[in-house]
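Position in the sequence shown (from 1) plus 649 gives the number in our numbering.
Structure, as structure tokens:
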Amino acid sequence: MWIGANIPAGARQSDHFAGSICIGPTCASAYIGAMIVELGHFALILAAVTAMVQAIVPLVGAQMRWPGWMAVAEPAAGLQFLFTSFSFAALTYAFVTSDFSLSLVTGNSHTLKPMLYKISGVWGNHEGSMLLWVLILTLFGACLAWFGGNLPPGIRSRALSIQGAVAVAFFAFILFTSNPFERMEAVPFDGRDLNPLLQDVGLALHPPFLYLGYVGLSMAFSFAIAALIEGRVDAAWGRWVRPWTLAAWVFLTIGIALGSWWAYYELGWGGFWFWDPVENASFMPWLLAAALLHSAIVVEKRESLKSWTILLAIMAFSFSLIGTFIVRSGVITSVHAFANDPERGVFILGILVFFTGGALTLFAARAGQMEAKGVFGVVSRESALVLNNILLAVACFVVFIGTIWPLVSEMFFERKLSVGAPFFNMAFTPFMVLLGLVLPVGAMLPWKRAKLGKVVKPLVPAFVLAVALGGLAWTIQGGRSLLGPVGLFLGAWLLMGAAIDLMSRTGRGSFGDRIGRLTRLPRADWGKAVAHSGFGVTIFGIAGLMAWEQEDIRVAQLGQPYMVGAYEITLEGVREAEGPNYLTTMADIRVRKDGKAVTMLHPEKRVYPVAAMPTTEAAIDYRILRDVYLAIGDAQADGAYTVRTYIKPLTNWIWFGSFLMSLGGLLSLTDRRYRVAAGARKAPAGGVPAE
């Protein structure tokens, strides 16, 4: 019998599972916690059953034109989200209260862990992250049910049915191979803690945003399959699919940027991108989603590129599934992988083959019905968007080949090899350079046909100034590398091109009148300009960092200064300290420039006793034009320490550019034309929507 207050938290939550007798409020709390967890498991099963109903009944109703059956889609989507939300909340409750009767909590939490990381521990593992995956999937379906009332009933019910079918597959995956509510036979007094690398604010936010992007592309997929089944791909469809794709692309941009930022300051190696397979798994859908966004514009405005846009919608979500397979199957080695389980890998591969193969088969069967209506010239907005799509799609293909080639080589040629950053940088970069070159011109071309000279004329001063800035950078750096000057040229060209594009939409008149009209432009125009500017800022940041970075690795003696570029670095002391759930060796390093103190930085080496895992915590002095980045290594026999020092120019421009791209997407998403599109494009009795 356990009576009293000094009982370990893990034991409190699970006395009845261990066969003990408990008396008082603690026992009642334990029983309530156990009941909540069991209800969460039951709610997950109910969500799976509801998804089955949503996948079958509305689809049959749409085919048979039975309004009652079609109407099942909306409440089913809402119920599915409600059940999944309760299940996720129950799992979160188990983590917050340290219920170590759950195997997942035992393996990924600890009573001493800060509350933020107890919560983020819910998705810091395979099972919990898959539950977050289906939660977001059901959220998008519910949003379509709640806010898609202006869509034609056939399209809405079919799209919701496809969403339900995808949900069925992943509910089955969770319940049969990755159950987050699995119980422990013997309940431990405490957990084994979350991976220390994941105990960070950046990693707490990174997965939810990334999954909102990954899973958000399922909406474009569902709309594409619904349109293929119905045999209707028109301007209205292009406008319906754009907001969902745009929202997914924005979330994916934020998620990738957060992951890059985390890798930069947390891992201690000083980089922001490694071309790791899991990084590539999120980047490939981002490229295809960007292509889909631009292609859907052509469908909406000119009813051209229908087949290509449908194919992009299918492939964008398929690459999200490929990313899920890469992360969770173990077929490709990665430091970011969640699981290394062939059984799970085969299940996900089956989901990928079923949905991608089925979608492509349906696409092949219906391709003849997607006749393009719009005719356009070689020099036109349509042609520019086609070129944009080609560059993005081929860039995605290059990344895909580089990612899977080690697996192909081992399977078919019995050779083990790795494909690293040199290949990706050399093969991928030319496509982005060409995209940056043509983007300002393409954005200003009119639809159908254009005169290139007339469009280019207002851009000539911007091009000349951008070339001059690139030449200035080349001269100042002493001709070391073209990377930095080319990056500055492209960044300036994209920024000034976006500004000229905006001003060109204000018509003629005095400067004051044009500025007034500028403020009244549609938000989509502003969003496009801001996003393109963000792309330019990111290009310049990446190029400047790679071209002008300075690195120094040495054994530093206490009190003896050394120079790295223009900065004097002095290791003044090293001390031991203790954090909430870790022990740390913290250095005190002073940074000076031209004899003046700049800052005092405190890089750390932490050890998490429960997980028995060390981490490196870099110390960074963030500035607009550069970062001073310091990481401390191991102690030497003479009392010195290994110190890694970087002077990193323009690093923060990378994430600022990503923020601008996301902001541009959000601005476009708030354009009122997205909100009224469905109502304005309702189909008349005859079936085909009016233009």
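Here a beta-carbon is modelled for each residue, glycine too, at the ideal position from N, C-alpha and C.
- If you look at V1043, you'll find it in the alpha helix (DSSP H) that goes 1030-1061.
- Runs of alpha helix (DSSP H) with 4 or more residues, each lying fully within the segment 798-862, are found at 802-826, listed in chain order.
- The beta carbons of L786 and V702 sit about 16 Å from each other, so the pair does not count as a contact at 8 Å.
- Under DSSP, the beta-bridge partners assigned to I1218 are Y1211, V1240.
- According to DSSP, residue pairing for Y913 in a beta bridge does not occur.
- Take the alpha-carbon of G1146 and the one of A875: they are about 38 Å apart.
- The alpha-carbon separation between G880 and L688 amounts to approximately 42 Å.
- The criterion of a C-beta distance shorter than 8 Å is satisfied by P926 and T1052.
- For V721, the three-state secondary structure derived from DSSP is coil.
- In the DSSP annotation of this structure, the continuous segment of the beta strand (DSSP E) that includes I1281 starts and ends at 1275-1284.
- Rounded to whole angstroms, the Cβ separation of R1166 and G1156 is 6 Å, and the two are in contact under 8 Å.
- Annotated three-state conformation of Q1199 is strand, per DSSP.
- The secondary-structure analysis by DSSP pairs P1298 across a beta bridge with R1275.
- Under the three-state reduction of DSSP, A1226 is assigned to strand.
- With a threshold of 16 other beta carbon atoms within 10 Å, E1063 falls short and is exposed.
- For P763, the secondary structure class from DSSP, reduced to helix, strand or coil, is coil.
- According to the DSSP assignment, L1250 belongs to the beta strand (DSSP E) that extends over 1245-1250.
- Residue environment: D1150 is assigned as buried (16 or more neighbouring CB atoms within 10 Å of its CB, all protein chains considered).
- Residue nearest to V1240 within the set E1221, S778, G917, P1229 is E1221 (criterion: CA-CA distance).
- Under the 10 Å beta carbon count, D1243 is surrounded by fewer than 16 other beta carbons and is classified as exposed.
- Distance between G773 and A897, taken at the CA atoms: about 21 Å.
- By the Cβ-count criterion, K1100 is exposed, with fewer than 16 other Cβ atoms from all chains shown falling within 10 Å of its own Cβ.
- Per DSSP, the beta-bridge partners of A1205 are Y1290.
- The DSSP-derived three-state label of M868 is helix.
- For the 8 Å CB-CB criterion, L1143 and R1154 do not form a contact.
- Proximity of the segment 699-718 to the segment 756-763 falls short of the contact definition, fewer than three beta-carbon pairs being nearer than 8 Å.
- About 6 Å separates the CB atoms of L937 and M964; that is less than 8 Å, so the two are in contact.
- It is roughly 19 Å from the alpha-carbon of A1013 to the alpha-carbon of R807.
- Assigned with DSSP and collapsed to three states, L751 falls in strand.
- Nearest Cα to A692 within the set A726, F735, G682: F735.
- Secondary structure at D883: coil, using DSSP grouped into helix, strand and coil.
- Listed in chain order, the alpha helix (DSSP H) elements of length 4 or more contained wholly in the segment 919-946 amount to none.
- For the pair S778 and T1264, the Cα-to-Cα distance works out to about 23 Å.
- Going by beta carbons, V1179 and G1085 fall outside the 8 Å limit.
- Counting the other CB atoms within 10 Å of its CB gives N1074 a total below 16, which places it among the exposed residues.
- Taking C-alpha positions only, R977 is separated from I768 by approximately 22 Å.
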